[in-house]
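A.B. asks: Could you have a look at this structure, given as structure tokens, before my questions?
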Amino acid sequence: MRALKLLSAAAIGIAIYAPAFAAGYPEKPVTVIVPFPAGGASDTTARMTTQKMQESLGQPVVVENKPGANGSLGAGQVAKAKPDGYTLLVGSIGVYAINPVLYKSLPYDPIKDFDLLTVAVRTPNVLVANPNFPANNVKELVEYLKKNPEKVTFASSGAGSSDHLTAALFWQKTGTTGVHVPYKGGAPAITDLIGGHADVSFQNLGAVSNHIKAGKLKLLAVTADKRNPAFPDAPTMEEAGIEGVEVYSWQAVAAPKGLPADVKGKLEKSLTAALNSPDVKGKFSDIGFEVVASTSGQFSEFLSQEISRWKTVVEAGKITADQ
Amino acid sequence: METISNLWLGLETALTFWNLAYCMIGVLLGTAIGVLPGLGPTATIAMLLPVTFGLPPVSALIMLAGIYYGAQYGGSTTAILVNLPGESSSVVTALDGYQMARQGKAGRALATAAIGSFFAGTVATVLLAVFAPPLADLALQFGPAEYFSLMVLGLIASVVLAHGSLLHAFGMIILGLILGLVGTDVNSGTVRYTFGFAEVSDGINFVIVAMGVFGLGEIIGNLENESTRTIMSKTVTGLMPTREDVKRLAAPVLRGTVLGSMLGILPGGGAMLASFAAYTLEKKVSKHPEQFGNGAIEGVAGPESANNAGAQTSFIPMLTLGIPSNPVMALMIGAMIMQGIQPGPSVMTEQPVLFWGLIVSMWIGNLFLLVLNLPLIGLWVRMISVPYHFLYPAILVFCAIGVFSLNNATFDVYLMAIFGCLGYIFRKLDCEPAPMLLGFILGPMMEEHLRRAMLIAKGDATVFLNRPISATMLIIALVLLATILAPAVRQKREEAFQEEG
Amino acid sequence: MSHVLQKKDFWAGVLYVAFGAAAFWIGRDYPMGTAGRMGAGYFPTALSVILMLIGLISAARALTQEGEAVGAVSWKSLALVVGSTALFGLLLPTTGLVIALVVLILISATASQNFRLDLKAAAGLIILVTFCSLVFVKALGVPMPLVGSWFGE
């Protein structure tokens, strides 16, 4: 059934675009490696984007899930693939910016091994608390943390996850401490937060927005550069008086290093067109994602900033993860 | 009154032609793929997920739910026919179901599973419709301490799974617990027992262990005895349960339904315990515990009902809170997000058509399942009368492909081969693999919850006794342990006296 | 009475002790932590010690009590079934699914004394390979190459 759909999509695609791309790339299906299981944020990003891409590329774009080792297994595979434009990677902030500073041996180097194509989407993180938690805003939280050092539990979606590091960054910027409680993914962390078993957490806005609306979680601040239209009352971290805790979770596309220039151009064009098409944009904003669709140059610059920032956080917080 | 109008809305949604069609296609596809050895519900849904992307949200979720319980029933069929549990819940179904199949009662075992599942599905759907929100709030009472105590209870209960030596049951549980530790430690990020293979840094997948130990181990063991005994009884007695069977079935089905419904609500891994708990309960209340492990029909009826009830009620935390209680629900949430629906408490109020349509379709799906599968039983039973030397290479093929498809990695196939060796060794030494598998599932969860509970309680171990739910479960575990050990101790003493006398 | 070295209980004990000792040895460097903040080594160390104890009890039971003998090990079936499975993993990316399946089926089938490569077996082989290629690769999209890297692209 899926094969049929792909075939028919391909057939339509070829019928429409065949003249333009008759010669050269792509001549066969393009594989997009997602280094996480089906159904996660990277997977969703990849599938939503590629559905649109195959129209402009005129070839099926197949998403292949290759989970393992915080995404480094699949990313390592892409790093070793032929740079012919038929293997792409859709990964998260963790894959590109956090794994490289956290793990001593990684099967890839995000700067040396990849041709960075685009930051596809981003979503701000939010600081949320259980409704019964005594502090009602960031200022009260910082005071509470100072009075009760090593007492308040910060739930995260895993040791070395972006929300763990955001918490560490928050402690460093405010001079406070808390107890880091890691979970296996964001969902169980949010569950325990709602149930009152953990106190506060930095989570992706999309994952908690419904809980905030339902009053099951208390929103203290957004880690974005401006307020979120869905929650106009919640201040940004900067407005709450804390500088430098501006964190987004982002998803980006890359290919093995050494893409031919024309292939790279075609891919960038196709990606930007897909991401900026109104229906894809609308679908992303429904789930709390903001389309970025940066150029490859902007991505490179952004990535080196992110890597150096998290490197500082990891070193200052003495955060380790053996591998 | 509100419930009735809601259900009416659900009926209107579920009974449109296309939604009925998608429900049926889902159940059919799920059964067809789930019945292949090595492909359980999680693998089946992961494979078929992209098929649903083109559908409207309600239809997509109805179809996915259909695939889910279709695959689960298909998996039970494989467990009964060829002793291959494709998902943790069918491990116990295999224990007595396969023995029944060997005695020529495969049809009765399959029919029992189908009828038990249907009854449990019906009850659980009603529960879901009437009590979903309060039950979800109850589930939130479960924190790390409660889950740890629940896991302890589950672990003690798993001793009952073994019908041989008590010592080996404990040994195999501990062995399973250790195997479960392979991979990245959730609490510290330390990578343990991976021998440097990044492929197992997220732990060993349950399916690999089950396929290796049960699938390959069983095949090698059967080949060893090929000349001396036939694998399957040639005479197949009645396809349907006898009147006497039905009498024996009623109570286990009811108990299984209640247990499964309760455990299914807990998002932290409760549903996984449903079938194990039901088996333990049936063996404990039975007047003939010695029949368990040798083809007791109660050992199929209870767990299968519990399993299906749990499968339905595990939708409660997913739909009301947006919390996935198992890998399948995580995939369902992924599917909802792909459809532009943000799962969470507001789904019920903002998407009533989706919520109630899905619930009503679940019951309809269960009905389809029954109607589809009862006539198919004859076919399945004939399939296992295929000579074994034709059957086992095919089983091996499906195991290999199924295991490969988990992560699209050949590494997992090698790992399955290693567990095949181990499985054969266990058979030779009378070490039963079922308790090991439960230890394997519970081990990492138990450690995770224990350490998290201690972390949150700042190292105060009394937290497990201060919290009423946790304390209650620990007491039940203690009582259960006593009833397990008492007969063994008594027996030992009697033996000692006999030797003296 | 069978000799201790033939008893199932003895070898099961050896198995437990071996597993426990290996787990203990490999895990010796994992940080233990305290009861309040348990390290990664707390659980594994405790479990491996318990497993070794159970192993010792099992072995001791073999010394003091009657027990069943292990019996003959069918090395041939073990090698053929496990070997053909591993070979499938090796061949899948290199020769592709079709050849890997044929090899897996034929080698594993020789483990049975009833196996003959007659018309019926050949037909079964073709049906199974075709079924898997169509269902898994074409319909379900499992990323397995039908023809592997040894034969060009």
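Residue numbers (UniProt numbering), protein chains in the order written: chain P, 1 to 323; chain L, 1 to 501; chain Z, 1 to 153. Virtual Cβ for every residue (Gly too), placed ideally from N, Cα, C. Computed from a predicted structure; not experimentally measured.
Just the chain L side, please: which residues come within less than 9 Å of Z:Val70 by C-beta, in chain order?
C.D. replies: Per Cβ cutoff of 9 Å: Lys428, Leu429.
A.B. asks: Which two residues bound the contiguous beta strand (DSSP E) that contains P:Asn204?
C.D. replies: Note, P:Asn204: beta strand (DSSP E), 200-204.
A.B. asks: Let me check understanding here. Comparing Cα to Cα, which of L:Gln312, L:Ile4, L:Leu95 lies closest to L:Glu298?
C.D. replies: Comparing Cα positions, the closest option is L:Leu95.
A.B. asks: Determine, using beta carbons only, whether P:Ala120 and P:Leu275 come nearer to each other than 8 Å.
C.D. replies: Yes, these two residues count as a Cβ contact at 8 Å.
A.B. asks: Among P:Asn204, P:Val313, P:Pro110, P:Tyr144, which one has its Cα closest to the Cα of P:Val78?
C.D. replies: Checking every option, the nearest Cα to that of P:Val78 belongs to P:Pro110.
A.B. asks: Give, in chain order, every residue of the stretch 22-51 of chain P whose Cβ lies closer than 8 Å to some Cβ of chain L.
C.D. replies: Listed in sequence order: Pro37, Ala38, Gly39, Gly40, Asp43, Thr44, Arg47, Met48, Gln51.
A.B. asks: Could you please give me the residues that DSSP links to P:Thr123 through a beta bridge?
C.D. replies: Partner(s): P:Ser249.
A.B. asks: Going along chain L in order, which residues have a C-beta closer than 8 Å to the C-beta of P:Ile194?
C.D. replies: Under the 8 Å cutoff, chain L gives Leu140, Leu321.
A.B. asks: To test your reading of the DSSP string, which unbroken beta strand (DSSP E) runs of 3 or more residues are found completely within the stretch 51-112 of chain L?
C.D. replies: If we require 3 residues or more, the stretch 51-112 of chain L turns out to have no beta strand (DSSP E) run fully inside it.
A.B. asks: Where in the stretch 58-122 of chain P do unbroken runs of the alpha helix (DSSP H), each at least 4 residues long, occur, reported from the N-terminal end onward?
C.D. replies: Counting only runs of 4 or more, we get 72-80, 99-102.
A.B. asks: Would DSSP call P:Thr236 helix, strand or coil?
C.D. replies: Here P:Thr236 sits in strand by DSSP.
A.B. asks: Is DSSP giving residue 502 of chain L helix, strand or coil here?
C.D. replies: Absent from the structure is residue 502 of chain L, since the part of chain L shown begins at 1 and ends at 501.
A.B. asks: Check distances from the C-beta atoms of the stretch 181-206 of chain L to those of chain P and list, in chain order, the residues that come in under 7 Å.
C.D. replies: Listed in sequence order: Val186, Asn187, Ser188, Gly189, Thr190, Val191, Ala198, Glu199, Ser201, Asp202.
A.B. asks: Please classify L:Arg255 as buried or exposed, where buried requires at least 16 other C-beta atoms within 10 Å of its C-beta.
C.D. replies: Its Cβ being crowded by 16 or more others within 10 Å, L:Arg255 is buried.
A.B. asks: Comparing alpha-carbon positions, which option in P:Gln59, P:Ala97, P:Thr87 lies nearest P:Ser308?
C.D. replies: Measuring from the Cα of P:Ser308, the nearest candidate turns out to be P:Ala97.
A.B. asks: Rounded to whole angstroms, what is the Cα-Cα separation between L:Phe315 and L:Ala271?
C.D. replies: The alpha-carbon atoms of L:Phe315 and L:Ala271 are separated by roughly 10 Å.
A.B. asks: For the ligand ATP, is there a heavy atom less than 7 Å away from the beta-carbon of P:Thr272?
C.D. replies: What this structure holds is no ligand at all, so the ligand ATP is not there to describe.
A.B. asks: Determine the chain Z residues that contact L:Ile341 at a beta-carbon separation under 8 Å, and present them in chain order.
C.D. replies: Within 8 Å Cβ-Cβ: nothing; L:Ile341 doesn't reach chain Z, min ~25 Å.
A.B. asks: Taking only beta-carbon positions, decide if Z:Ala35 is within less than 8 Å of chain L.
C.D. replies: It does: the Cβ of Z:Ala35 has a partner Cβ on chain L nearer than 8 Å.
A.B. asks: At the 8 Å Cβ level, is L:Pro435 part of the contact set with chain P, yes or no?
C.D. replies: No, its Cβ sits nowhere closer than 8 Å to a Cβ of chain P.
A.B. asks: Inspect the beta-carbon positions of P:Ser72 and P:Leu106 and report whether they are closer than 8 Å.
C.D. replies: Yes; because the gap between Cβ atoms is below 8 Å, this pair is in contact.
A.B. asks: Taking DSSP as the reference, what is the three-state secondary structure of P:Pro182?
C.D. replies: DSSP places P:Pro182 in strand when its eight states are reduced to three.
A.B. asks: Could you tell me whether any Cβ in chain Z is nearer than 8 Å to the Cβ of L:Glu146?
C.D. replies: No, no contact with chain Z.
A.B. asks: Considering only C-alpha positions, which residue in the set P:Leu169, P:Ala189, P:Ala254 is nearest to P:Val223?
C.D. replies: What sits at residue 223 of chain P in the sequence shown is Thr, not Val. Answer by Cα proximity: P:Leu169.
A.B. asks: In chain order, what residues of the same chain have a beta carbon less than 8 Å from the beta carbon of L:Ile208, not counting five sequence neighbours either side?
C.D. replies: Excluding residues within five positions, the ones whose Cβ falls inside 8 Å are Val403, Leu406, Asp412, Leu415, Met416, Phe419.
A.B. asks: Can you name, in chain order, every residue of its own chain whose Cβ lies under 8 Å from the Cβ of Z:Val102, other than the five neighbours on each side?
C.D. replies: Contacts found: Leu125, Val129.
A.B. asks: Check each residue of the stretch 62-74 of chain P: if its Cβ is closer than 9 Å to any Cβ of chain L, include it; give the result in chain order.
C.D. replies: Answer set for the stretch 62-74 of chain P: Val63, Glu64, Asn65, Lys66, Pro67, Gly68, Ala69, Asn70, Ser72, Leu73.
A.B. asks: Report yes if the C-beta distance between P:Gly158 and L:Val35 is below 8 Å; otherwise report no.
C.D. replies: No, Cβ-Cβ distance for P:Gly158 and L:Val35 is not below 8 Å.
A.B. asks: Going by DSSP, what residue range makes up the beta strand (DSSP E) through P:Ala221?
C.D. replies: That run of the beta strand (DSSP E) goes 218-222.
A.B. asks: Taking 8 Å as the threshold (beta carbon to beta carbon), is L:Phe440 in contact with chain P?
C.D. replies: Taking Cβ atoms only, chain P never reaches closer than 8 Å to L:Phe440, which makes this a no.
A.B. asks: Quick check: L:Leu140 and P:Gly206, are their CB atoms within less than 8 Å of each other?
C.D. replies: Result no, Cβ atoms of L:Leu140 and P:Gly206 do not sit closer than 8 Å.
A.B. asks: For the stretch 153-178 of chain P, which residues have a beta carbon sitting closer than 8 Å to at least one beta carbon of chain L?
C.D. replies: Of all residues in the stretch 153-178 of chain P, Thr153, Gly158, Ala159, Gly160 have a Cβ within less than 8 Å of some Cβ in chain L.
A.B. asks: Would the beta-carbon of L:Trp380 fall within 8 Å of that of L:Thr77?
C.D. replies: Cβ atoms of L:Trp380 and L:Thr77: closer than 8 Å.
A.B. asks: Verify the CB distance criterion: does P:Ile307 have a CB-CB separation below 8 Å to chain L?
C.D. replies: P:Ile307 does not count as touching chain L.
A.B. asks: Report the rounded CA-to-CA distance for L:Glu12 versus L:Val360, giving the unit in angstroms.
C.D. replies: L:Glu12 and L:Val360: Cα-Cα distance of roughly 9 Å.
A.B. asks: Under 8 Å, do P:Val208 and P:Val152 count as touching if we go by C-beta distance?
C.D. replies: No. Outside cutoff.
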